[in-house]
Amino acid sequence: MEESEIRKALMEKALKELLKIAAKHNRKLNVKLIAKAFAFAKASHRGQKRLSGKPYFSHPLEAAKIVASLGLDAETISAALLHDVIEDADADRSEIEREFGKQVYFLVDGVTKLGVISNRTREQRSIANLQKIILASVKDIRILVVKLADKLHNMRTLKYLPKEKRQRIAAEVLSVHAPLAHKLGMHAMKDELEELAYDELSPKEHSWLSKEIRIRTKKKELEVDKAINSLKKAFAKQHLKARFGKYYKNCYTINKKLRKQSKGLDEIYDFVIIKIIVRSIPECYRALGVVHNTFLPLPKKMKDYIAIPQTNFYQAIHTSVIGPNGTPIKVYIATREMNNLTERGIAAGWHLRDKKLQDILRQNVSKLNKIANIEDVGRLREFGNAFKTDFLQKTIFVFTPSGETRELPAGSTPIDFAFNISARLGEHCLRAKANGKSVPLWKRLESGDIVEIIPSAKCTASRLWLSFAKSEHAKKAIADALKSKKSRKDENQKAVFAKIKICAIDRIGLFSDIAKCFSANKINIVGVQSGTSGSKAIGIFSVQLTTPDKLENSLSRIKAIGEITDVKVLK
Ligand code: MN
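Plus 1 on top of the position in the sequence shown (first one is 1) and you've got our numbering.
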């Protein structure tokens, strides 16, 4: 690429803006690399437009700004600028590698692959996409940050897409991307993704709820501000330096809480949360003491996520106190680094100086990598649990032993799974295994479970299954199977019993030889009457036939036994 092109790019206002955001977090930024990516992406997308009518390049540019604001390095910002050039502009892969180096190419390639996956059919997509995203994060977690930035900008500009597509994307964001951002500790990203998706899926509810929350927040804020003033004085008295802030929960989180705990809006008090930022971990505990000394703490509300950090890197002390107006106020206490990590999550790790925190982060990344290991199935379920808590998540995704995904309603059991595969497998379902372990047929499956059905030809549908099958499909299939079973049974009772009189010259073992002829044709002997006179033996066999034509076969075999003198089918 020509130097002049890079210089020209550096004159552009849009690039200057991007660099300004990046410089906030990164002093030693590779400006030239970003400028080159800027020029390359702009040229690649020349002439392309988004559905909004804006030049296509505005999209990667905004994604790059999100990545920059998270404090990521020049390589990741460049990758964000370039993230669609292969997929949407047919750029030459080798040229990207030559111009921007292996690292940047690797990131762009990673995001590109995910893009292709997300274009699969709807059914295949969700868990396969999730799998791929997790796998990509194992290779280089920055791929995921670019992907989430891409998604966030798409969500911000969602309104230009057709409705059906919008809803599908929003649902996917709630079940995949937001929980993933959460898992990476990127809370600001998670909050915004959720809010945008929630607004898309339930616009009426969202606007009603956000209005209600705004009113309550305003009221609550008066008390919170009063409490902050008192705390400031108390902290000054103790010579404890601290920064006081406020955190607002998003509507989606509050709605989830309302539903999960079936609470009313009036029972919720944490619309506004006091955030206290101090300089060190010992100061966090000192701060907690001051808070509890100033306001009466609510019992059992204190949570120490510093001593016991959460798997998503989250660290802080939570407590609730009785505020100056007599209502509860929630308080978060954290160090600046922890707060940084809370806002930017894993992305904050790229420039952190604090070695200890870097170590924690590194440990956490390796923990995440372990979770991401697809072969390690037990861990994958942990990941699935993050999605399970989503109230909108109405389906789970489980795997067949060969790795195929199956979408089932949440609460499904191995029976649902078996009927989802085929009616035959469902009907003859004998036992089930989840993740290699035997589970009862009524066990509730979870996302990520690998389910295996052990069938038996002898086994048939049971009425009991109807009491725990979840999917409509399985319920109907069980009912059908029961019906045909009953009609088969009726047939059995009518026609398929027979009595056969056999005369023979008695000898030891004759009886069992005759029995073998029946059993070889799957004919059950249900009763025998026998008698001997001298060397003659007479037996009357009551048998149950599976199919009438088998009888002929067994009778001719019986006749072939040397000692048999007569065989007769009695009416
Ligand atoms: Mn994109």
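Note that beta-carbon positions come from the ideal geometry of N, C-alpha and C, so glycine has one too.
A quick note: this is a predicted structure, and the numbers were derived from the prediction, not measured.
According to the DSSP secondary-structure assignment, residue 149 is paired through a beta bridge with no residue. DSSP places residue 271 in the coil class of the three-state scheme, outside both helix and strand.
The C-alpha of residue 248 lies about 11 angstroms from the C-alpha of residue 218. If you ignore the 5 residues before and after residue 501, its C-beta comes within less than 6 angstroms of the C-beta of 542 and 570, all in its own chain and listed in chain order. Collapsing the DSSP output to three states places residue 400 in a strand. The DSSP assignment places 59 to 70, 75 to 83, 86 to 90 and 94 to 118 as complete runs of the alpha helix (DSSP H) inside the segment 43 to 118, in order along the chain (cut-off: 4 residues). One thing to note: residue 568 has its Cβ no nearer than 8 angstroms to the Cβ of residue 499. Residues whose Cβ lies closer than 6 angstroms to any heavy atom of ligand 1, listed in chain order: 60, 84, 85 and 151.
Contact between residue 397 and residue 448 holds: CB atoms are separated by about 4 angstroms, below the 8 angstroms threshold.
The beta-carbon separation of residue 280 and residue 343, rounded to 16 angstroms, does not stay under the 8 angstroms limit for a contact. Straight through space, the alpha carbons of residue 286 and residue 156 are spaced by roughly 39 angstroms. A straight-line Cα-Cα distance of about 7 angstroms links residue 319 and residue 302. Residue 420 and residue 37 have their alpha carbons spaced roughly 55 angstroms apart. By the criterion of a C-beta distance shorter than 6 angstroms, residue 305 is surrounded in its chain by 318, once the five residues flanking it on both sides are discounted. Under the DSSP definition of a beta bridge, residue 298 partners with 322.
Cβ-Cβ distances below 6 angstroms link residue 435 to 450 and 452 in the same chain, with the five nearest sequence neighbours on each side left out; the list follows chain order. In this structure, residue 524 lies away from residue 515, with their beta-carbon atoms at least 8 angstroms apart. In the DSSP assignment, residue 205 falls within the alpha helix (DSSP H) that extends over 204 to 238. For residue 498, the enclosing beta strand (DSSP E) covers residues 498 to 506. Each residue's CA atom was taken as its position, placing residue 85 and residue 68 some 15 angstroms apart. Assignment of residue 142 by DSSP, reduced to helix, strand and coil, places it in the helix class. Residue 263 and residue 402 have their C-alpha atoms some 38 angstroms from each other.
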